[in-house]
Amino acid sequence: VPVLWAILLLFHPGGAGEEIYLDAQDVVARFLVVHIGMMLFIPLMAAVVWLLLRGVEGTAAWVSRIALVPFVVFYSAWEVLQGIGVGILVNELNGFPQAGPALREDLVQDFAEHVLIGPFSVFGTIGSLGLIVAAIAAGIALYRHAGAPISVPILLAISGLLITVHPPPYGPTGLALFIVAVLIYTRSHATERAAAPAGGLSSA
Amino acid sequence: MTNTADEQPRPFSPAEVAFMVGVPLLWGILLLFHPVGDEFYTTIEDHLTRWQAVHLGSMVFIPLMAGVMFLLLRGVEGTAAWVGRIAVAVFAVVYLVFEALVGIGAGLLVDNLNGLPAAERADAVDDYMDSQIITVFETVGSAGWIFASIAAAVALSPRADGGRSVAVVLLLVLSAVPITFHVTPFGPVGLTLFIAAVVLVVRNRSTERAPAALGAPEPA
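Protein chains in written order, with the numbering used here: chain A, 3 to 206; chain B, -12 to 207.
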């Protein structure tokens, strides 16, 4: 899931966000495809974190699981409106002769910068905080209750921050760090399990 | 494959019953406030805050409704139950997108159309709402819920006794389409039928468990 999401994000159209209509008008299809894909990867990513915490007890694990809910609901809504909503609007305005170029730019910019869905908006902030809290809490839970090395919570915390920014290079880098954290954890977990029977002890 | 008598799903706890009844009940109450009108632009412009509040709330209730359906199917085996689970996951993702685009997106659009001549604002909103992408999300998301309801009805029906079995199937199937329409009166009516189906399933599972408990002691 994180590998495929990172690959998808490499195709995320760029731009400083100051002229969204101009940035998006010639790449509407790519803009829409990337964001429709995102809508699938957001809940799948939540499922990955949930799976990572399978069988892990403690408050931090529950904080992480609970934080995944606002991430899925609000980050999805934010992405849907910023990505698909803006894409539809640009597409419809391209075929709307009554609106001149300046008016189209203003309409799209005002829509994309609305307090609910703009860069530091209600939806974006709640959704991003959801993932950041979920990643940090998952790292703490794995470190404290599942014997993960200290690098795992550090990598997960950094990845959470970077993934929420999501366009390249931040999103793909964050997802790469997340994958590294998962690999380190699974390796340490496997080593621990292999050592347990040799020592005659079970972790149960 | 369906469950045998000794593999009965466990009864729902009071908190689970409260969740399964409370979520559709609260969503039904919220949908009573859904603005309704002949034209999107004027309807939304006249009730902008209410429009956005109802759709923000619905965005929360859609995944919660998926949670209710998952809980309803807990411990139920078989193809129909799995079809129900997969379909409700599709509903949770795709219908949420539809709701965000139509509810919140259209609200934001109406809120930002002041630069456009008054006569053309309605056209701009209609063009947005009639976009093919939104239609695809609406169709797929609604189909997800309808398939989930029908599959859940099929999965749950063998578990109920004769009369209840028919009632559960009818209520779940009849509730599905109105819920996907969601505006008043369809949404609240569909959710009421869904609650009735949930109550029957909950009662059935309790009574199903009771004779089993009398006949054989509970495992320690």
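Each residue gets a CB set at the ideal place from its N, CA and C atoms; glycine is no exception. All values derive from a computational prediction rather than experimental measurement.
Close-in-space but distant-in-sequence residues of the same chain around residue i (CB under 7 Å, 5 per side omitted)
| i | result |
| --- | --- |
| residue 37 of chain B | 20 and 22 |
| residue 81 of chain A | 37, 40, 41 and 44 |
| residue -12 of chain B | Because the pLDDT at residue -12 of chain B is just 42, under 50, the model does not fix this residue reliably, and the value given afterwards should be weighed accordingly. If we look at residue -12 of chain B and ignore the five residues flanking it on each side, its Cβ neighbours are 64 and 65. |
| residue 155 of chain B | 140, 143, 144, 147, 184, 187 and 188 |
| residue 51 of chain B | 10 |
Buried/exposed call for residue i, threshold 16 Cβ in 10 Å
| i | result |
| --- | --- |
| residue 13 of chain A | exposed |
| residue 206 of chain B | Low per-residue confidence applies at residue 206 of chain B: pLDDT is 46, beneath 50, and the placement is therefore not dependable enough to give any value. |
| residue 193 of chain B | exposed |
| residue 94 of chain A | buried |
| residue 5 of chain B | exposed |
| residue 103 of chain A | exposed |
| residue 167 of chain A | exposed |
| residue 86 of chain B | buried |
| residue 41 of chain B | buried |
| residue 56 of chain A | exposed |
| residue 32 of chain B | buried |
| residue 16 of chain B | exposed |
| residue 91 of chain B | buried |
| residue 60 of chain B | buried |
| residue 191 of chain B | buried |
| residue 131 of chain B | buried |
| residue 97 of chain A | exposed |
| residue 119 of chain B | exposed |
Any C-beta of chain B under 8 Å from that of residue i
| i | result |
| --- | --- |
| residue 204 of chain A | Its pLDDT being 43, under 50, residue 204 of chain A is placed unreliably by the model, and the measurement read from it follows with that caveat. Closer than 8 Å: no. |
| residue 86 of chain A | yes |
| residue 98 of chain A | yes |
| residue 73 of chain A | no |
| residue 14 of chain A | no |
| residue 113 of chain A | yes |
| residue 90 of chain A | yes |
| residue 131 of chain A | no |
| residue 59 of chain A | no |
| residue 94 of chain A | yes |
| residue 40 of chain A | no |
| residue 79 of chain A | yes |
| residue 121 of chain A | no |
| residue 82 of chain A | yes |
| residue 4 of chain A | no |
| residue 118 of chain A | yes |
Extent of the continuous alpha helix (DSSP H) run through residue i
| i | result |
| --- | --- |
| residue 31 of chain B | 27 to 33 |
| residue 72 of chain B | 66 to 77 |
| residue 62 of chain A | 61 to 72 |
| residue 48 of chain A | 30 to 54 |
| residue 123 of chain A | Residue 123 of chain A -> no alpha helix (DSSP H), and no H or E assigned at all. |
| residue 166 of chain A | 153 to 167 |
| residue 90 of chain B | Where residue 90 of chain B is concerned, there is no enclosing alpha helix (DSSP H), given that its DSSP letter is neither H nor E. |
| residue 113 of chain A | 103 to 114 |
| residue 12 of chain A | Premise fails: residue 12 of chain A is in no alpha helix (DSSP H) and is neither H nor E. |
| residue 6 of chain B | 1 to 18 |
| residue 78 of chain A | 78 to 81 |
| residue 89 of chain A | 88 to 96 |
Below-8 Å beta-carbon distance, residue i vs any chain A residue
| i | result |
| --- | --- |
| residue 87 of chain B | yes |
| residue 22 of chain B | no |
| residue 82 of chain B | no |
| residue 105 of chain B | no |
| residue 118 of chain B | yes |
| residue 9 of chain B | no |
| residue 71 of chain B | no |
| residue -4 of chain B | no |
| residue 31 of chain B | no |
| residue 44 of chain B | no |
| residue 115 of chain B | yes |
| residue 47 of chain B | yes |
| residue 111 of chain B | yes |
Residues of its chain near residue i, where Cβ-Cβ distance is below 6 Å and the 5 sequence neighbours each way are ignored
| i | result |
| --- | --- |
| residue 62 of chain A | 139, 142 and 143 |
| residue 162 of chain B | 177, 180 and 181 |
| residue 84 of chain B | 124 |
| residue 89 of chain A | 30, 33 and 34 |
| residue 55 of chain B | 7 and 10 |
| residue 176 of chain A | 161, 164 and 165 |
| residue 60 of chain A | 143 and 147 |
Sequence-distant residues of the same chain with beta carbon closer than 8 Å to residue i, five excluded per side
| i | result |
| --- | --- |
| residue 149 of chain A | 190, 191 and 194 |
| residue 91 of chain A | 109, 110 and 113 |
| residue 125 of chain A | 76, 77, 79, 80, 83, 118 and 119 |
| residue 170 of chain B | 18, 21 and 23 |
Closer than 7 Å: residue i CB and nearest the ligand ATP heavy atom
| i | result |
| --- | --- |
| residue 43 of chain B | Among the components of this structure there are no ligands whatsoever, and the ligand ATP is therefore not found. |
Within-8 Å CB hit, residue i to chain D
| i | result |
| --- | --- |
| residue 107 of chain A | Considering every chain present, this structure includes no chain D. Its protein chains are A and B. |
Start-end ranges of the alpha helix (DSSP H) lying completely within the region 94 to 121 of chain B, minimum 4 residues: 105 to 116
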